[in-house]
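Residue numbers (this note's numbering), protein chains in the order written: chain A, 21 to 264; chain B, 10 to 276; chain C, 36 to 313.
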């Protein structure tokens with residue numbers, strides 16, 4: 021699904037800074053079909069940069085990225101993936117159904133199947149009654165769920181979820197965890213990025229730990245836990261402190 | 010590709026149409042047009058001409074307000090708020106995104122002028138009927154439509170330039186500065202050219218001609234003086250040539266915008 | 036206690052607001068008392084190229100604003116104000132307004148009514164503006180008519196006046212008497228040939244018999260005058276200079292100075308033969 025090979029990425033030097041900011045320094049990982057990969061790290065570790073590189077929002081300085089076996093520049097590939105951004109945002113004067121319709125049109129879904137899928141996912145995510153409200157009136161959690169519905173509308177094979185639990189209350193978080201488990205059971209591949217290590221531990225098969233643009237660990241969750249400490253959190257902290 | 014561009018244009022259009030600021034702009038412009046009869050009180054003879062100039066000026070200024078206060082910021086708003094990620098995570102290329110934004114904004118601008126145009130025409134008709142024929146002898150609907158189409162074409166050229174600058178630089182304010190500078194050059198260049206034609210040499214005139222290809226002369230599509238002319242007696246060949254040049258210019262500008270935006274990192 | 040403290044804060048805020056507003060009012064009134072409103076000044080306008088470049092599509096509206104500005108200014112002048120204090124500025128406004136929007140008639144009417152009576156310089160500026168109007172609005176006979184009137188009445192330039200009036204007469208829909216007036220003024224200016232040619236042209240176009248007879252009568256008068264004009268030219272050829280009086284032409288170059296008719300008499304002024312009203 022995803023091949024991320026020896027990727028280097030720096031952001032150009034801003035006014036007042038001494039040097040360019042290195043976001044990724046030789047990071048590599050792979051995500052196979054049906055697998056779930058967790059991308060964890062502190063703020064500024066390079067998680068969002070990795071995701072943006074996969075989605076062709078930014079381009080690497082060095083290295084190779086393959087998405088479904090091709091470089092990610094072809095927009096047609098994105099018909100097979102669904103993306104949930106860290107901060108869900110839409111043009112504010114649209115309704116939820118406007119966004120669903122756009123999502124369906126962009127994937128060449130016919131009107132009937134788009135409506136069916138929209139009803140399914142909006143109902144599942146508790147937004148069906150609010151589908152005609154303007155998005156600017158939505159809370160953060162509602163926008164998060166609307167964004168999730170948009171990502172799932174076209175039944176993608178690959179899901180890229182950037183902080184999917186962000187902004188949700190405990191009940192909402194539990195619902196999303198259940199949903200991700202179901203999607204995983206359906207055979208979807210998931211690239212999952214989160215600060216909440218408990219959720220990562222519950223949901224992913226493999227994990228990659230990033231710190232200051234470098235990959236400190238890439239393997240299964242069990243390997244990380246047994247090699248480093250009693251819990252995921254201890255293991256993560258041990259890796260980061262050891263690096264520091 | 011067309012399907013995706015239309016889908017994006019549709020949401021740009023819907024977002025704009027529901028914006029309170031734009032609704033207010035439409036209301037204010039229509040009120041300004043409807044009160045054109047107050048402006049005509051200052052003129053004792055050429056009332057029709059002064060009223061027509063005023064109404065077209067209202068449409069022009071409404072369009073410019075839309076362009077310089079809304080259109081310049083659309084792409085930067087999407088980037089700053091992060092909506093761009095939701096949009097470009099769909100199977101939409103950068104070029105299709107730029108085209109979608111352009112056509113969405115062009116549709117908004119056209120809708121604005123489609124609302125203001127008939128109000129202007131009806132106002133002129135009302136003024137004409139309330140005056141002696143001497144003060145307002147002719148109101149040509151054909152010329153009115155031509156002047157309206159010229160105004161719309163000019164504003165879509167400015168919109169195309171805004172798209173190019175939005176593709177080149179980040180942030181709404183830099184795009185506004187570049188667009189305002191572009192507009193100023195387009196307005197001033199014909200004056201410089203007219204002056205240089207009388208005094209300066211061939212090299213200067215050639216340079217100014219090349220600059221006119223980059224910064225089009227809007228006077229070539231300004232037909233509001235003809236609204237009070239008799240039958241449609243204008244030579245259509247130069248008019249069609251001018252419209253064709255502008256359409257091709259728009260295609261070049263938007264194509265460049267798509268190309269530049271495709272090369273940029275989204276940050 | 037808390038309620039009292041809140042009330043105290045509200046009273047303090049109200050007192051502060053009232054004192055700030057009062058202070059502002061007092062200072063504003065003081066400022067106003069020092070301001071002398073210059074009611075009779077018309078501020079100079081920007082150069083025309085700058086206005087053309089900055090206004091762009093709105094250049095016609097800019098011209099209309101200049102017209103309104105001039106009209107409002109003229110409407111507020113008191114009779115004691117000397118026109119020399121504002122005439123140049125005013126003429127600039129009309130000049131620039133007609134460059135920005137040559138087709139708007141009202142500017143020309145206002146220019147004519149406000150500039151022509153002040154002095155010769157302002158009349159010339161008015162005529163310069165009216166010439167622009169005549170080119171931009173060839174359908175309007177009144178603009179060259181105004182220029183002709185100014186040339187005749189204020190500037191005493193009869194040749195120029197005749198030329199303006201001939202242009203006015205050529206406009207479709209112009210009153211027929213303008214052409215006749217052009218001929219008369221041409222004659223008054225010493226251009227007998229020009230006046231005669233114009234009369235003959237009008238005769239050729241005229242279908243009304245009564246008017247034709249009127250033109251034919253004038254043509255006979257001009258033809259009589261023309262014999263004297265031709266005699267003057269022959270005298271000049273023979274002697275190298277024009278005579279000092281018409282009597283010097285008799286009998287060698289003309290048998291007698293003709294009586295040109297009841298409407299005119301011949302006058303020899305500044306070495307030019309003129310047909311003047313008795």
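C-beta: ideal position from N, C-alpha, C; glycine also.
Check your understanding: From residue 222 of chain A to residue 73 of chain B, what does the alpha carbon distance come to, in whole angstroms?
Key -> 55 Å
Please go through the stretch 43-122 of chain C and give each complete alpha helix (DSSP H) segment of 4 or more residues, from N-terminal end onward. 83-90 and 94-110
- Query: For chain D, is any of its Cβ atoms less than 7 Å away from the one on residue 78 of chain B?
  - Reply: Note that chain D does not occur in the displayed structure, where the protein chains are A, B and C.
First and last residue of the uninterrupted beta strand (DSSP E) at residue 16 of chain A: Here chain A comprises residues numbered 21 to 264, so residue 16 of chain A is not present and cannot be evaluated.
At a CB distance below 7 Å, what residues from the stretch 194-223 of chain B approach chain C? Give them in sequence order. 196, 197, 200 and 204
Handout entry: Bridge partner(s) assigned by DSSP for residue 302 of chain C
Key = C/309
Buried or exposed (CB count within 10 angstroms, at least 16 for buried), residue 99 of chain B
buried
Checklist entry - Would you report the Cα separation of residue 60 of chain B and residue 148 of chain C, rounded to the nearest angstrom? => result 23 Å
What whole-angstrom Cβ distance do residue 55 of chain B and residue 96 of chain C have, given they're in contact under 8 Å? The Cβ separation is near 14 Å, so there is no contact.
Quick one: is the Cβ of residue 53 of chain A within less than 6 Å of any heavy atom of the ligand SAH? As far as ligands go, the structure on display features none, and thus does not contain the ligand SAH.
Quiz prompt | Near-chain A residues of the stretch 92-107 of chain B (beta-carbon distance less than 7 Å), N- to C-terminal order | solution = 92, 94, 95, 97, 98, 99, 100, 101 and 102
State the Cα-Cα distance for the pair residue 161 of chain C and residue 224 of chain B, rounded to the nearest angstrom. 37 Å
Practice problem: Could you check the C-alpha separation between residue 68 of chain C and residue 61 of chain C for me, to the nearest Å? | Solution: 11 Å
- Task: Would you check if the stretch 190-203 of chain A and the stretch 225-244 of chain A touch, i.e. whether three or more CB-CB distances between them fall below 8 Å?
- Result: no
Alpha-carbon to alpha-carbon, residue 53 of chain B and residue 145 of chain C = 10 Å
Q. Can you list, in chain order, the residues of its chain whose CB lies under 6 Å from that of residue 129 of chain B, leaving out five sequence neighbours each side?
A. 42 and 64
Tell me which residues of the stretch 157-187 of chain B have at least one Cβ-Cβ distance to chain C shorter than 8 Å, keeping chain order. 160 and 163
Q. CA-CA distance, residue 43 of chain A and residue 217 of chain A?
A. 22 Å
* So who's on the other strand from residue 253 of chain C, going by DSSP bridges? -> BP columns for residue 253 of chain C are empty, so no partner.
Quiz item: residue 190 of chain B CB to nearest chain C CB: under 7 Å?
Solution: no
Quick check: residue 96 of chain B and residue 168 of chain B, are their CB atoms within less than 7 Å of each other?
no
Using CA coordinates, which residue listed in A/25, A/143, A/71 and A/154 is at the minimum distance from residue 102 of chain A? A/71
_For a minimum of 4 consecutive residues, which ranges assigned as the alpha helix (DSSP H) are wholly contained in the stretch 121-191 of chain C?_
122-135, 140-150, 155-171 and 177-184
Worksheet entry | Spatial neighbours of residue 39 of chain B in its chain, beta-carbon cut-off 8 Å, leaving aside the 5 residues before and after | 124, 125 and 128
Next on the checklist: With H, G and I counted as helix, E and B as strand and the rest as coil, what does DSSP make of residue 197 of chain B?
Outcome noted: helix
Looking at the secondary structure, which residues open and close the alpha helix (DSSP H) in which residue 260 of chain B lies?
245-272
* Excluding the five sequence neighbours on either side, which residues of its own chain have a C-beta within less than 8 Å of the C-beta of residue 263 of chain C, listed in chain order? -> 281, 284, 289, 292, 293, 301 and 308
Can you tell me whether residue 97 of chain A is helix, strand or coil according to DSSP? helix
Comparing alpha-carbon positions, which option in A/213, A/184, A/93 and A/62 lies nearest residue 77 of chain A?
A/93
* **Amino acids of chain B, ordered along the chain, whose beta-carbon sits closer than 9 Å to that of residue 218 of chain A** => Result: empty, since nearest Cβ-Cβ is about 26 Å, beyond 9 Å.
key: residue 182 of chain A, DSSP secondary structure in three states   = strand
* Decide yes or no for the touch test of the stretch 227-242 of chain C against the stretch 197-214 of chain C: beta carbon pairs closer than 8 Å, at least 3 of them. => yes
- Residues near residue 141 of chain C by beta carbon distance below 8 Å, same chain, minus five either side: 102
Identify the continuous alpha helix (DSSP H) that holds residue 108 of chain B and give its terminal residues.
103-138
_The alpha helix (DSSP H) enclosing residue 32 of chain A, as first and last residue numbers_ = No alpha helix (DSSP H) holds residue 32 of chain A; DSSP gives it neither H nor E.
Based on Cα-Cα distance, which residue from C/275, C/152, C/150 and C/143 lies nearest to residue 167 of chain C? C/143
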